[in-house]
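Everything below concerns the one structure shown next.
Residue numbers (the working numbering): 162 to 368.
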């Protein structure tokens, strides 16, 4: 049986720098990565969407600060604040036994440096032999009210946009994609700008 792929990860300041083992692959080629737009992911990270890769339980967890939500625990560097890991907890009695809790660990894709070179244990920041991951689909775009970042991303790589089309419609999505110049806005964007210039405030909050 082949060993799990190992990758080097680091936060911005280097406090959380380690090697993690990726979870087993179920398909050939790059690993499918989803872009999650849910309220919790956006408001715990400050990003428009978040993506993760499945990993084995990381060791150690030194230097990390934990934030627990209803079903997940997110880990951040205690120095620079970078989001590094997420742990999902499941209490499915049928799968893990009565009263047991199953953990599923993932690493935020932005902290991945590259595959570990088995000869010297270093992370490879150069060109990979083959892509490690490929973006597969958007998740929970309805949580954003307007499609969020998904309406700006092109589908050239085969991203599944069924949820975006269902909630926001193709015409609106295509209008945003055609607006390649900063001086070109659709009607909705102009309304938002006018409201901002009129002194109205934009609601923002952490989780």
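Glycine included, each C-beta is placed from N, C-alpha and C at the ideal position.
No experiment lies behind these values; they were computed from the predicted model shown.
So which of 204, 227, 294 has the shortest CA-CA distance to residue 194? 294
Burial state of residue 366 (16 or more Cβ within 10 Å): exposed
Below 8 Å between beta carbons: does that hold for residue 267 and residue 214? yes
When 218, 197, 201 are compared against residue 308, the one with the closest alpha-carbon: 197
When DSSP labels each residue in this structure, what does residue 312 get in the three-state scheme? helix
Assuming the contact rule is C-beta atoms closer than 8 Å, residue 209 and residue 310 should be a hit. Round their C-beta distance to whole Å, please. 4 Å
In three-state DSSP terms, what is residue 367? coil
Taking only the alpha-carbon atoms, compute the straight-line gap between residue 182 and residue 168 and give it to the nearest angstrom. 6 Å
Taking just the CA atoms, how far does residue 361 sit from residue 216? 44 Å
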